[in-house]
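Presented below is the structure to which this report refers.
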Amino acid sequence: MIKKRSYLDYTLPSLVVLVVMFMSMLLSTTMVMSEKSSRAYFRNFITPTRSFVFINSVYLTNILIVLTQGLVLLLIAQFAFHVSTLSQLPSILVALLILTSVFILLGMGVGYLFSSEETGTLASLSLSCVFLLFSSFLIPLESLSKTISVV
32 MIKKRSYLDY
42 TLPSLVVLVV
52 MFMSMLLSTT
62 MVMSEKSSRA
72 YFRNFITPTR
82 SFVFINSVYL
92 TNILIVLTQG
102 LVLLLIAQFA
112 FHVSTLSQLP
122 SILVALLILT
132 SVFILLGMGV
142 GYLFSSEETG
152 TLASLSLSCV
162 FLLFSSFLIP
172 LESLSKTISV
182 V
């Protein structure tokens, strides 16, 4: 018997990517900015510890938080909305790890680029909105004219 697929089956991957994108970019930017503005930043700066350790700790903290949120989102989709996510869990986790890493590193780059927390958060949110605008989630590429969709 063929299971009839719902609209959520088709849109869930895009929704998961959007949630991961916004969460990882905003969280990583906020963590970097709060680390830079904390009173312990100078004390950490003068220690003989390399800056790679601090960058790596922010990355690992963000990846653990965002991957946990992504897994909770997938479990909710599996059990509450009956979307089959557990059957493809290994490939979903690999894709989620790659996407999360890319967006966390972009958010950390934005956080290290700007000096105030407000401008960093605004830049991260603006960059996320640009990514949302150019994704095919709002306006599917199939609905565009041939000349625009090719570009």
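Take the position in the sequence shown, starting the count at 1, then add 31; the result is the number in the numbering used here. For each residue, glycine too, the CB sits at the ideal point set by N, CA and C.
Between S37 and S167, the C-beta spacing is not below 9 Å. Proximity to L39 across A111, L128 and T152 peaks at A111, based on C-alpha coordinates. With contact defined as three or more Cβ pairs closer than 8 Å, the segment 119-138 and the segment 76-88 are not in contact. The three-state secondary structure of T42, taken from DSSP, is helix.
A contact is defined here as three or more CB-CB pairs under 8 Å, and the segment 153-173 fails this definition with respect to the segment 79-95. Three or more beta-carbon pairs separated by less than 8 Å link the segment 49-67 to the segment 137-154, which places the two stretches in contact.
With fewer than 16 other Cβ atoms from the protein chains shown falling within 10 Å of its own Cβ, N87 counts as exposed.
Nearest neighbour of V48 by Cα position, chosen from V97, K67 and S68, turns out to be V97.
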